[in-house]
Structure formats: structure tokens, C-alpha cells
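1 is the number of the first residue of the sequence shown in full-length UniProt numbering; add one for each residue after it. Think of the CB as a built atom: it goes at the ideal place given N, C-alpha and C, for glycine as much as any other residue. Every value quoted in this text rests on a predicted model; they were computed, and no experiment measured them.
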Amino acid sequence: MQQQQQKDKPKTAGSSQNQGSSSQADEKKRVQDQNNDKSTTFVVEDKFEYIKQIGHGAYGVVCSAYDHKSKTKVAIKKVPKAFEDLIDAKRIVREIKLLKFFDHENVIALIDVQKPPAPTGYEDIYIVTDLMETDMHRVIYSRQDLTDDHIQYFMYQLLRGCLYIHSANIIHRDLKPSNLLLNKNCDLKVCDFGLARGYEETTTTLTEYVVTRWYRAPEVILNASHYSNALDVWSIGCIFAELLGRAPLFPGDDYLDQIKRTIAVLGTPTSEDMTFIGNDLARKYIRKLPKRNKQSWSSLYPKGNPVALNLLGKMLVFNPEKRYTVKQCLKHPYFEGLHNEEAEPECEEPFDWTWDDFEPTKELLQQMVYEESMEFHHGEEDDEIV
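Here is the structure:
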């Protein structure tokens with residue numbers, strides 16, 4: 001089956017966005033991006049040869065570059081004025097630590113973090129990662145034909161990566177098509193871990209959610225007191241549905257509309273299936289909504305593979321306790337021919353979250369990024385930085 005997948009690869013539909021970035025300080029050079037109205041300067045090591053800008057957004061600017069030392073193309077993300085917002089800066093530190101910890105084919109690899117000129121007093125951060133050619137959002141909304149083989153292979157890799165992530169006591173919390181990077185070979189890598197958390201944490205779940213609500217699990221929207229990696233499975237299910245229908249399944253306009261749309265598809269939850277909702281007002285709101293019957297997945301996706309739709313129904317379950325785990329999803333018949341436990345590694349040890357419990361200051365965060373960069377630049381003296 002995997003060989004069959006190799007025959008049916010989707011073409012790339014554009015350049016990737018949310019990629020990492022970096023540079024160094026031995027003999028840096030400045031490169032102006034002339035492709036943008038607002039010119040961006042990348043200060044990078046001589047070993048990196050600038051190619052072109054491939055993405056930009058609130059997080060910064062990403063360019064592709066050729067690494068003459070490794071003889072490979074990489075992505076360099078520049079985060080300018082990275083410490084203006086301390087919450088955002090802490091997310092960058094979190095992502096650096098997580099990417100440095102990860103070692104998996106389906107998770108974006110951290111190649112380098114530029115060594116800043118000093119432990120404090122600098123403003124920009126550069127992060128270097130794998131270079132991928134596009135992301136799932138672009139593929140879904142391109143004219144590229146998506147066969148069931150494509151969808152199966154994408155979903156398998158996504159679940160395979162999340163098995164590893166979850167086994168390390170990490171919940172991604174921001175899975176969506178634009179955070180899944182792809183290349184011409186249909187290889188998939190999960191990126192953007194700035195909102196990730198550990199299982200045992202139960203506070204500040206909503207205050208840090210600033211991303212689109214369309215992939216948020218009911219327990220997140222309804223402010224449940226506890227959450228688990230089941231919320232990632234919900235997001236994966238939403239991505240699965242979007243691949244099948246090439247449109248978002250729950251494009252809510254706000255929190256209330258999001259719940260209405262969810263219930264319109266899944267049906268009104270039973271009292272038992274609302275026990276996880278600790279908020280009385282949220283439960284009362286759902287009870288006051290018109291009673292809805294569950295829609296069949298085949299009516300929503302008449303061209304969908306029935307086995308795929310069966311799996312979709314195991315993932316998009318209102319009650320997180322009844323939702324399939326990633327491991328259960330991988331064992332589903334939909335992945336027959338791909339599933340192989342020996343080729344689905346789990347993390348050897350959990351990620352240590354104890355470092356994350358601190359009040360950020362600009363100087364402290366700058367020191368932390370500097371220390372992380374030194375992991376990639378042993379033996380370099382400060383006076384070598386220019």
C-alpha cells in the first residue's frame with residue numbers, strides 16, 4: 001500500500017509558511033529581500049546562501065537558503081523585535097526547546113538557532129529548520145487532485161507524528177492544515193509548537209488560545225477544567241474532514257456558533273456526554289439549543305471512503321473520554337498496509353515541563369534564547385560575534 005502511495009503523490013501548491021529560521025555569527029552577511037515591498041534584512045552566517053522569501057506573517061519572515069556546509073536547502077525564520085511581547089517571546093523559547101527535544105520524521109527538525117551577539121540586549125531571533133515546499137492548507141485549496149491514497153498517507157503521517165508527540169507528554173494544541181508542512185514526495189512534518197503544553201496542566205487553557213477556533217475541541221471551547229491529548233485528536237479529525245470535503249467542517253463565527261455547528265453535525269450530546277463540562281452556564285446553553293440528530297458522515301461526504309468515514313466518526317466525538325486515541329486511530333482498518341507498530345516510534349522519555357513555570361522578563365527570555373543557541377555553537381567565543 002505504501003508503494004501505491006508513492007505513485008500518487010500530490011504536487012506542491014506553493015511555498016510553505018510557518019517554518020523555522022536561523023543564522024549565525026561567525027562572519028555574518030546581510031541579505032536584502034527585494035521581492036517584498038518592505039525589505040527584510042537577514043543577518044546570517046556565510047555558510048547560508050539566501051534564495052528567496054517564502055513566507056511572512058505575524059511571527060516574522062521566512063526565507064529559503066542553501067547551507068553550503070550540509071549541502072542542503074533550509075528554511076530561516078527571522079522573528080524581528082521578538083521580545084516586544086513577552087508572551088509571544090516565551091512561546092518562541094518553548095518552541096525552540098521542544099524542537100530541540102524532538103527527533104522524528106514527521107516533526108519539523110531544528111537545525112540551528114543563531115547565536116546572538118550577547119546574552120542580552122539583542123532584539124531579533126533566527127531559527128533554522130528543514131525546508132518544506134508547501135503546507136496542507138495550500139494543497140487543500142489548490143486545484144490538485146486529492147485521492148483517497150493521498151488522504152490516507154497524509155493522515156497516517158500526521159497520526160504517526162502525534163503518537164510520538166503525545167508519548168513525550170506533549171499536547172500540540174494548535175493542529176490545523178497550515179501547521180502541517182509538505183513536500184513533493186508527500187512527506188508531512190508537524191510544526192508550530194508555541195502553544196504546546198503537558199498533560200497535567202489545567203490552567204490558562206483559554207487565555208493563550210489566539211488561533212483560529214475551527215479546530216478547537218468542545219472541551220476547550222466550553223472551558224473544561226481538565227483536558228488531555230484528546231483535544232489534538234479532535235483537531236486531527238477536523239483536518240481529516242477538511243481533506244475529504246476541501247472545506248472546513250466547523251467554520252464557526254464565534255464560540256457559540258462553533259458549538260452550534262458542532263452539535264448540528266454530531267447531534268445533541270447526552271447528559272452523560274456533558275459530564276466533562278464543569279461550567280454550569282455552558283451546560284445550560286447546550287440544553288437550551290434545539291434538539292439535533294446526528295448527521296451521517298456519508299451524507300456529508302458522499303464520495304468518501306466508507307472506512308475513512310468510520311475512522312472520522314471515532315475521532316470527532318463530543319465527549320473526549322469516548323474519543324479514539326492516536327494509537328487507536330493508527331490501528332484502524334483505514335491504515336491497513338501502512339500501520340506497523342515497529343515503524344511508529346514513541347518518545348523514550350517525557351519532556352520536562354518544569355522549566356516553563358516562570359514569569360517572563362525580557363532579559364530572562366533573551367538569556368534563555370542565548371543559552372539555547374549555544375547548544376548549536378559550542379566553542380565559539382563572544383568576541384567572534386560581529
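Shorter than 7 Å from the beta carbon of residue i to some beta carbon of chain B?
i, result
"A224", "No chain B appears in this structure, which consists of one protein chain only."
Determine whether the beta carbon atoms of residue i and residue j lie at a separation below 7 Å.
i, j, result
"I108", "C238", "no"
"R160", "N223", "no"
"I171", "R138", "no"
"N183", "M132", "yes"
"P251", "W214", "yes"
"E372", "I96", "yes"
"S167", "E349", "no"
"I140", "E242", "yes"
In the DSSP assignment, find the alpha helix (DSSP H) that holds residue i and state where it starts and stops.
i, result
"V190", "Here V190 belongs to no alpha helix (DSSP H); instead the beta strand (DSSP E) covers L188 to V190."
"Q53", "Segment F48 to G57 is the beta strand (DSSP E) holding Q53; no alpha helix (DSSP H) there."
"C63", "Element bounds for C63: not the alpha helix (DSSP H) but the beta strand (DSSP E), G60 to D67."
"K100", "L86 to F101"
"L364", "K362 to M374"
"A181", "In the sequence as presented, Ala is not what sits at residue 181; that position holds Leu. No alpha helix (DSSP H) contains L181, which is instead part of the beta strand (DSSP E) from L180 to L182."
"S167", "D148 to S167"
"I140", "M136 to I140"
Measure the C-alpha to C-alpha separation of residue i and residue j and round it to an integer number of angstroms.
i, j, result
"D174", "K314", "20 Å"
"D124", "K78", "7 Å"
"N227", "E219", "Per the sequence presented here, residue 227 reads as Tyr, with Asn not at that position. Those two C-alpha atoms are separated by around 7 Å."
"H377", "L231", "37 Å"
"D148", "K331", "18 Å"
"T129", "V74", "6 Å"
"Y66", "V113", "16 Å"
"E359", "T120", "17 Å"
"I51", "L110", "19 Å"
"K100", "C329", "27 Å"
"L146", "F240", "12 Å"
"T212", "D253", "10 Å"
"P117", "F351", "29 Å"
"T361", "L281", "37 Å"
"N293", "Y334", "26 Å"
"L158", "R94", "21 Å"
"L365", "V44", "21 Å"
"Y122", "A89", "13 Å"
"P248", "D46", "43 Å"
Counting C-beta neighbours from all protein chains within 10 Å, is the total for residue i 16 or more, i.e. buried, or is it exposed?
i, result
"K291", "exposed"
"K303", "exposed"
"F154", "buried"
"I76", "buried"
"A217", "buried"
"G57", "exposed"
"Q295", "exposed"
"E344", "buried"
"S23", "Note that S23 scores a pLDDT of 34, beneath 50, so its modelled location is shaky; the value from the coordinates is reported in the next line. By the 10 Å Cβ count, S23 comes out buried."
"D85", "exposed"
"G278", "exposed"
"S298", "exposed"
"D135", "buried"
Between which two residues does the beta strand (DSSP E) containing residue i stretch?
i, result
"I127", "I125 to D130"
"K77", "T72 to V79"
"I111", "L110 to V113"
"F42", "T41 to E45"
Problem - Unbroken stretches of the alpha helix (DSSP H), 4 residues or longer, contained in the stretch 266-334 - result: 280-288, 297-300, 306-315 and 326-330
Practice task
Scan the stretch 208-259 and note each continuous alpha helix (DSSP H) run of 4 residues or more that stays entirely inside, going in chain order.
Solution key: 218-221 and 230-245
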